[in-house]
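What follows is a set of notes on a single structure, which appears directly below.
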Amino acid sequence: MKQIGTILLCITLLAGCRKDMIVPVDVSDSQAMLVMNGYVAHVRGGNDTMTEIQVSRSAGVSQSANPFMIQDAYVRLAYDGFDEQLFFKPSVGSYVFNHSIATPQHINYTSSVKLDNGERIEASDAMPGEVPFTELVFTGVYKEFQYNFQQTSGGITTIGCAEVKAVFNDPASEHNYYHLYFATSVGAVKSAFKYGPYGDGDPYSWAFSIPFFTFDPAVLKEQPSGYDILGSENSGNNISPRHVMLTDESFNGQQKELLLYVPVYLLTQEDSSGGITPLTLYASLHNISKGSYDYFKTYQIYRHNRENPFAEPTIVYSNVKGGLGFVGCRSIAIDSVKH
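Using the working numbering, the first residue of the sequence shown is number -12, and each one after it goes up by one.
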């Protein structure tokens, strides 16, 4: 009986306790690390190159998400068989370091960043071989698609599109990874792929490329699970991308044909007399490195899951030793067709 009384007393005391407890936790920012993002590109048909590096520092838990950009770093690019010190110079009024050099294929490139305080990071990647188009034509077929403007104007509209057939031969005996872009000026199609996790370099903010539709299985396979970026034909839930990514898993060493649908209103412009002038459509096929594919793939999943508190954390692929970020190689083939 005495034990029963003791138990009841304990229950009464526990019931009177506060259910909410505040536990102080010491959340200290991790050490800010150097971040290097950029690309080394080989462009088919000459020594033209677009090589750019962004240098910044990572942000801690309690800091602003905007990166701290560094403009006074020593940025160097080297590649196999070339010993000269190639120092990048920052663009005027920008944090982007750039350099124009010939970029041979099938060799390794190493980019490094060094600060006056002795901090140093570096990244290496191999330049893939170029894969040109063997055919790029308007087929004469026109289709209508439902475009979801929910994120902008809050509605769905129907867009008339011209069908484009793009064909290329995938090299045998190696795995290849591709990006495909469209633009209506050659300068824009060259600039479309600038990437990195911030600002205009974000791989999902291609400001210069134009949107298009495709329903090719090799493209659809590369979208994150449950992420309806392309939807189904006339589904009313299409979100047209500004690029597509695919691998040669289903066509290794074979000819690949893609059917792509470009909005007609983007293929013409009004001239000074009020008439309609057809524009030239430029297409660029980027053979990207395996590291570039891993970076884009993991970053794509990270963006898709970041609004979901129950999703598993995604680690974005990095090839930077001693820091964070990614610097990748790609070979670019550009072709054009008049609408």
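C-beta: ideal position from N, C-alpha, C; glycine also.
When beta bridges are read from the DSSP output, residue 152 appears opposite 124 and 246. Residue environment analysis places residue 298 among the exposed positions, since fewer than 16 neighbouring C-beta atoms fall within 10 angstroms of its C-beta. Spatial neighbours of residue 94 in its own chain (CB-CB distance under 8 Å, excluding positions within 5 residues in sequence) are listed in chain order as 66, 67, 68, 113 and 114. When rounded, the separation of the alpha-carbon atoms in residue 281 and residue 105 is 30 Å. Of all C-beta pairs linking the segment 194 to 208 to the segment 244 to 252, three or more are shorter than 8 Å, placing the two stretches in contact. Considered as a whole, the segment 238 to 324 harbours 242 to 250, 255 to 257, 263 to 265 and 267 to 275 as its complete beta strand (DSSP E) runs of no fewer than 3 residues, in chain order. Beyond the five residues adjoining it in sequence on each side, residue 237 comes within less than 6 Å, by CB distance, of 205 in the same chain, given in chain order.
Pairwise C-beta distances place the segment 257 to 275 in contact with the segment 309 to 325, as three or more of them are shorter than 8 Å.
Annotation for residue 206: no beta strand (DSSP E) segment contains it, though the alpha helix (DSSP H) segment containing it runs 204 to 207. In this structure residue 157 is buried. Its beta-carbon is surrounded by 16 or more other beta-carbon atoms within 10 angstroms.
In this structure, residue 162 sits away from residue 97, with a CB-CB distance that is not shorter than 8 Å. If you draw a straight line from the Cα of residue 55 to the Cα of residue 284, it is about 25 Å long.
Ranked by Cα distance from residue 265, the options 313, 125, 286 and 130 are led by 125. Collapsing the DSSP output to three states places residue 108 in a strand. Spatial neighbours of residue 167 in its own chain (CB-CB distance under 6 Å, excluding positions within 5 residues in sequence) are listed in chain order as 231 and 272.
Beta-bridge annotation (DSSP): residue 118 is not paired with any residue. Only exposed fits residue 293, as fewer than 16 other CB atoms lie within 10 angstroms of its CB. Pairing residue 108 with residue 310 gives a Cβ-Cβ distance under 8 Å. One thing to note: residue 146 has its Cβ within 8 Å of the Cβ of residue 131. Burial state of residue 159 is exposed, judged by a 10 Å Cβ sphere holding fewer than 16 other Cβ atoms. Residue pairing by DSSP puts residue 24 in a beta bridge opposite 41 and 313.
With respect to the C-alpha of residue 26, the residue from 326, 305 and 325 having the closest C-alpha is 305.
When the alpha-carbon of residue 278 is set against those of 255, 21, 312 and 263, the nearest one is in 312.
In summary, residue 198 is buried, with 16 or more beta-carbon neighbours lying within 10 Å of its beta-carbon over all protein chains present. In this structure residue 21 touches residue 100 by the C-beta definition: roughly 6 Å separates them, less than 8 Å. Scanning its chain for C-beta atoms nearer than 6 Å, with the 5 sequence neighbours on each side dropped, one finds around residue 171 the residues 266, in chain order. The C-beta of residue 295 has fewer than 16 other C-beta atoms within 10 Å across all chains shown, which makes the residue exposed.
A direct Cα-Cα distance of roughly 15 Å separates residue 31 from residue 165.
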